[in-house]
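Chemist: Once you've had a glance at the structure underneath, I'll fire off some questions.
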Amino acid sequence: MTIQSKLIKEIKNSLKKNKIKINTPIIIQKNKFKKKGHFQVNNLFQISHECKINYFTLAKKIINKINLNKIIKSINFSKPCFINIFLNPRWIEKKIEKKVKKKIIFKKNNKKVVIDYSSPNVAKSMHVGHLRSTVIGDAMARIMEFSGYNVIRSNHIGDWGNQFGMLIAYLKKKKINHIKNISIQKIEKIYRQAKKKSLKNKKFLKKTEKYTSKLQKNSTYYNNIWKKVVQLTLRENKIIYQLLNISLQDKNIFGESFYKEIVKKIVPDLIQRKIARVKNKNVIVFLKDFKNRKGEKMGIILQKKSGAFLYSATDIACMKYRCKTLKADIILYYIDSRQKQYLQQIYKIAKIAGYTTKKTIIQHHMFGMVLSKNKHPFQTRSGNTIKLIDLINQSIKKAKKIILKKNENIEYTTLLKLSKIIGIGALKYADLSKNRKKNYVFDWKKMLSFEGNTSLYIQYTYIRIYSILKKYKKKISHLNNKFMISNNYELFLSIEILQFKETILKTVKNGQPHLLCKYIYKLASKYSKFYEKYNILNNKNKKIRNSQLQMSFLIAKILKKGLNILGIQVMKFI
Ligand code: ARG
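If you read the sequence shown in our numbering, its first letter stands for residue 146, the second for the next number, and so on.
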């Protein structure tokens with residue numbers, strides 16, 4: 146139960162004692178002006194409107210009958226229309242005391258959630274466009290797992306589309322028979338050339354479609370090329386996942402080809418049930434809720450006349466599989482906002498066809514773009530897409546410089562380890578700490594700063610606490626004293642500690658890791674102020690010292706856990 150919900154319960158009790166019945170949900174939020182109270186009832190006016198009692202009189206009634214001394218220490222009214230609540234420090238102390246000895250865990254909730262993320266296309270290297278899906282999706286997978294969900298990670302790689310037809314057509318034309326020692330860069334180049342050619346040459350385009358269809362019909366020659374290219378791409382992607390500390394493994398790959406047998410069944414099924422139509426030999430679904438530029442019903446092509454199935458058909462099959470076979474409770478798609486309409490259409494078709502289930506919640510957790518300072522898409526100087534591996538290496542290099550500036554005599558292996566933790570952390574955190582629904586501007590300087598909402602700041606705060614605890618030498622969880630709050634810093638930090646779990650729940654509910662980032666940043670910055678003011682280990686009052694140690698220990702635990710479930714590591718040495 147969160148602090149807010151406990152307070153709501155107390156307010157409800159008071160209303161009951163006053164014989165006042167309301168339907169309006171009571172909204173309680175943290176008070177920005179701490180002197181006025183820790184929490185406040187924010188919608189007193191609305192409530193008074195419903196029960197037709199003047200808000201001031203209502204506030205008085207609530208205050209008069211409130212149950213004091215357990216959770217609430219005092220309560221008052223303030224203008225224009227708030228009820229302010231001060232928590233009882235004794236109650237907070239007891240809660241904190243319990244936390245020192247316990248691990249931070251959630252109960253398993255038996256809900257199955259499929260998270261579709263990363264999902265790059267095969268035959269290409271990953272680029273900056275894959276950063277958000279990979280990093281945000283992975284953080285959400287970790288956070289949901291931590292909060293008790295049964296998470297199925299699903300890397301929906303694009304391994305069944307027209308790029309293979311293109312590659313094969315080009316290879317055939319150039320009479321290249323084997324691609325044994327070819328690099329992914331070379332394949333990408335061939336693909337680009339083939340694409341260019343297909344735009345100019347209709348005959349070539351037709352060939353590419355024919356070859357894609359042949360691949361999809363399991364012809365051996367085509368399949369061997371396909372396998373090779375998939376393997377090559379996956380090997381490269383794996384390096385990136387490892388460097389970025391992404392929890393995706395081979396077993397999480399459920400690419401487009403994984404659904405090939407289902408696709409073969411659903412397309413005829415959709416035709417037979419008149420949901421799809423054959424027009425000019427293409428299989429199309431027309432949806433009345435979606436209009437094209439001319440204002441006509443929009444058509445979504447599932448299968449080309451060459452026989453090749455498209456991305457859309459696979460996604461419908463995939464949705465069916467996740468709903469009916471996996472029996473998922475929740476399906477989350479971490480895909481950029483440009484595919485919003487596309488996903489709505491897929492969902493609509495699957496729903497009409499009865500391929501979805503009522504119990505399954507299906508959501509598109511879309512995100513905006515990464516921009517450069519001039520607000521254009523983030524690209525290389527020459528206007529090309531930035532490869533993800535280059536971005537990663539650059540980040541590690543920059544981190545190395547920062548570390549060397551602080552300590553030029555650092556041991557080499559430590560330097561390597563640290564620059565990876567700091568560089569990768571900064572790259573990921575910069576992305577995670579922004580509201581995913583918006584575009585954001587990529588800024589090396591800001592993200593690798595010791596100040597502000599950065600991973601480095603939080604990692605650094607963690608080290609500060611870690612070094613205090615290390616100097617103390619004894620186990621904090623063995624401290625057998627009563628936890629005691631002796632000043633306002635400790636009071637506010639303790640309230641903040643008690644809000645970790647509800648922050649996790651809020652992050653899960655919205656699928657927005659920036660909420661967790663905001664919380665750990667606030668915790669770290671509040672702690673830093675406390676740290677600058679109090680010299681914990683030198684405090685002569687043992688009771689206060691021990692309590693401060695316990696509080697520091699809990700904060701370090703939360704900072705570490707918070708970063709870890711965002712997919713970011715902490716360092717214990719510097
Ligand atoms: N491969 C796609 C792309 O690069 C993303 C796939 C996302 N997942 C899905 N189920 N459509 O744009």
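For every residue, glycine included, the Cβ atom is placed at its ideal position computed from N, Cα and C.
1) Give the DSSP-derived three-state secondary structure of Gly444 in the structure shown.
2) Check for me: the alpha helix (DSSP H) holding Val280 runs from which residue to which?
3) Where Ile719 and Lys542 are concerned, what is the direct C-alpha to C-alpha distance, given to the nearest angstrom?
4) Applying the 10 Å Cβ sphere with the 16-neighbour rule, what's the burial state of Ser692?
5) Using 10 angstroms around the beta-carbon of Val296, count the other beta-carbons present and answer buried if the total reaches 16, otherwise exposed.
6) Reducing DSSP to helix, strand and coil, say where Ser451 ends up.
7) Alpha carbon to alpha carbon, how far is Gln191 from Ile153?
8) Looking at the structure shown, is Phe523 part of a helix, part of a strand, or coil, going by DSSP?
9) Measuring alpha carbon to alpha carbon, tell me which of Asn519, Lys240, Val374, Tyr294 ends up nearest Asn326.
10) Tell me whether the beta-carbon of Leu103 lies closer than 8 angstroms to the beta-carbon of Lys651.
11) Who are the near neighbours of Thr558 in its chain, counting only those whose CB is closer than 7 angstroms to its CB and skipping five residues on each side?
12) At the level of alpha carbons, what is the spacing between Leu160 and Pro170?
13) Within the present structure, is the beta-carbon of Pro265 separated from the nearest heavy atom of the ligand ARG by less than 7 angstroms?
14) Leaving out five residues before and five after Val258 in sequence, what residues of the same chain have Cβ atoms less than 8 angstroms from its Cβ?
15) When every heavy atom of the ligand ARG is checked, does at least one fall within less than 7 angstroms of the C-beta of Cys463?
16) Between the alpha carbons of Cys463 and Tyr404, how many angstroms are there, rounded?
17) One question on the structure: do Ala314 and Lys269 come within less than 8 angstroms of each other, judged by their Cβ atoms?
18) Can you list, in chain order, the stretches of the beta strand (DSSP E) that have 3 or more residues and sit fully within the segment 402-443?
19) I'd like the list of long-range same chain contacts for Asn751, defined as Cβ closer than 6 angstroms, with 5 residues on each side in sequence excluded.
20) Closest by CA to Ala421, which one among Tyr617, Thr470, Ile445?
21) For the segment 471-527, list the beta strand (DSSP E) runs that are entirely contained and at least 3 residues long, ordered along the chain.
22) Have a look at Glu354, Arg467, Leu388, Lys485 and flag the residue whose alpha-carbon is nearest the alpha-carbon of Lys562.
23) If you compare alpha carbons, which of Leu572, Lys520, Asn519 is closest to Ala544?
24) Is the CB-CB distance between Asn229 and Asn176 below 8 angstroms?
25) For Ser612 versus Leu601, is the C-beta spacing smaller than 8 angstroms?
26) Once you ignore the five residues that flank Glu381 on each side, which residues in its own chain have a CB closer than 7 angstroms to its CB?
27) Cβ of Tyr478 within 7 angstroms of any heavy atom in the ligand ARG?
28) If we call anything under 8 angstroms between Cβ atoms a contact, is Asp304 one with Gly400?
29) Mapping the DSSP letters down to three states, classify Ser564 as helix, strand or coil.
30) I believe Lys206 touches Asn158 by the beta-carbon criterion, under 8 angstroms. Please report the beta-carbon distance rounded to the nearest angstrom.
31) Taking only the alpha-carbon atoms, compute the straight-line gap between Arg277 and Gln486 and give it to the nearest angstrom.
32) DSSP on Ile719, reduced to helix/strand/coil?
33) Since Gly712 and Ala284 are thought to touch, with beta carbons under 8 angstroms apart, how far apart are those beta carbons, to the nearest angstrom?
Modeler: Checking against the coordinates, here is how it stands:
1) The sequence position of residue 444 within the sequence shown is 299, counting from 1. Here Gly444 sits in strand by DSSP.
2) If you number the sequence shown from 1, residue 280 lands on position 135. That run of the alpha helix (DSSP H) goes 276-291.
3) Translated into the one-based positions of the sequence shown, residue 719 becomes position 574. Translated into the one-based positions of the sequence shown, residue 542 becomes position 397. At Ile719 the pLDDT is 44, less than 50, meaning the model places this residue with poor confidence; the figure from the coordinates comes in the next sentence. Approximately 17 angstroms, taken between the alpha carbons.
4) Numbered from its first residue, the sequence shown carries residue 692 at position 547. Looking at its Cβ environment, which holds 16 or more other Cβ atoms inside 10 Å, Ser692 is buried.
5) Counted from its first residue, the sequence shown places residue 296 at position 151. Burial call: buried.
6) Your numbering for residue 451 matches position 306 in the sequence shown. In this structure, Ser451 counts as coil in the three-state DSSP scheme.
7) Locating residue 191 in the sequence shown gives position 46, counting from the first residue. Locating residue 153 in the sequence shown gives position 8, counting from the first residue. Those two C-alpha atoms are separated by around 15 angstroms.
8) By one-based count along the sequence shown, residue 523 stands at place 378. Coil, per DSSP.
9) In the sequence shown, counting from the first residue as 1, residue 326 sits at position 181. Here the closest residue by C-alpha is Val374.
10) Beyond the ends of the chain as shown, which are 146 and 719, falls residue 103; an answer cannot be given.
11) Here residue 558 corresponds to residue number 413 of the sequence shown, with the count starting at 1. Here the set comprises nothing.
12) Along the sequence shown, one-based indexing puts residue 160 at 15. Along the sequence shown, one-based indexing puts residue 170 at 25. When rounded, the distance between both Cα atoms is 13 angstroms.
13) If you number the sequence shown from 1, residue 265 lands on position 120. Answer for Pro265: yes, Cβ within range of the ligand ARG.
14) For the purposes of this step, residue 258 is taken as the residue at position 113 of the sequence shown. Excluding positions up to five away in sequence, the list reads Met289, Tyr294, Asn295, Val296, Ile297, Ala473, Asp474, Ile475, Ile476, Leu477.
15) Your numbering for residue 463 matches position 318 in the sequence shown. Checking the Cβ of Cys463 against the ligand ARG gives yes.
16) Numbered from 1 along the sequence shown, position 318 holds the residue referred to as residue 463. Numbered from 1 along the sequence shown, position 259 holds the residue referred to as residue 404. If you take the alpha carbons of Cys463 and Tyr404, they lie about 6 angstroms apart.
17) The sequence position of residue 314 within the sequence shown is 169, counting from 1. The sequence position of residue 269 within the sequence shown is 124, counting from 1. No. Outside cutoff.
18) 422-424, 427-436
19) Since the first residue of the chain shown is 146 and the last is 719, residue 751 is not available in this structure.
20) Taking the sequence shown and counting its residues from 1, one reaches residue 421 at position 276. Nearest C-alpha to Ala421: Ile445.
21) Entirely contained in the segment 471-527, the beta strand (DSSP E) runs reaching 3 residues are, in chain order, 475-478, 506-509.
22) What you label residue 562 is simply residue 417 of the sequence shown in a count that begins at 1. The closest CA to that of Lys562, considering only Glu354, Arg467, Leu388, Lys485, is found on Leu388.
23) Residue numbering aside, residue 544 sits at position 399 when the sequence shown is read from its first letter. Of the candidates Leu572, Lys520, Asn519, the one whose C-alpha sits nearest the C-alpha of Ala544 is Leu572.
24) The count along the sequence shown starts at 1 and reaches residue 229 at position 84. The count along the sequence shown starts at 1 and reaches residue 176 at position 31. Yes; because the gap between Cβ atoms is below 8 angstroms, this pair is in contact.
25) Walking along the sequence shown from the start, residue 612 turns up at place 467. Walking along the sequence shown from the start, residue 601 turns up at place 456. No, the Cβ-Cβ distance between Ser612 and Leu601 is not below 8 angstroms.
26) In the sequence shown, the residue the question calls residue 381 occupies position 236. These residues qualify, in order along the chain: Ser270, Ile329.
27) Residue 478 sits at position 333 when you count from the first residue of the sequence shown. Yes, the Cβ of Tyr478 comes within 7 angstroms of a heavy atom of the ligand ARG.
28) Residue mapping note: residue 304 aligns to position 159 of the sequence shown, counting from 1. Residue mapping note: residue 400 aligns to position 255 of the sequence shown, counting from 1. Yes; because the gap between Cβ atoms is below 8 angstroms, this pair is in contact.
29) Position 419 of the sequence shown holds residue 564. Of the three classes helix, strand and coil, the one that applies to Ser564 here is helix, per DSSP.
30) Translated into positions along the sequence shown, residue 206 becomes position 61. Translated into positions along the sequence shown, residue 158 becomes position 13. The beta-carbon separation of Lys206 and Asn158, rounded to 13 angstroms, does not stay under the 8 angstroms limit for a contact.
31) Counting from 1 along the sequence shown, the entry for residue 277 is found at position 132. Counting from 1 along the sequence shown, the entry for residue 486 is found at position 341. Taking the straight line from one Cα to the other gives about 19 angstroms.
32) Reading the sequence shown from its first residue, position 574 is the one you call residue 719. Its pLDDT being 44, under 50, Ile719 is placed unreliably in this model, and the value from its coordinates should be taken loosely. Looking at Ile719 - three-state DSSP - the assignment turns out to be coil, as it is neither helix nor strand.
33) For the purposes of this step, residue 712 is identified with residue 567 of the sequence shown, where counting begins at 1. For the purposes of this step, residue 284 is identified with residue 139 of the sequence shown, where counting begins at 1. 5 angstroms between Cβ atoms; contact.
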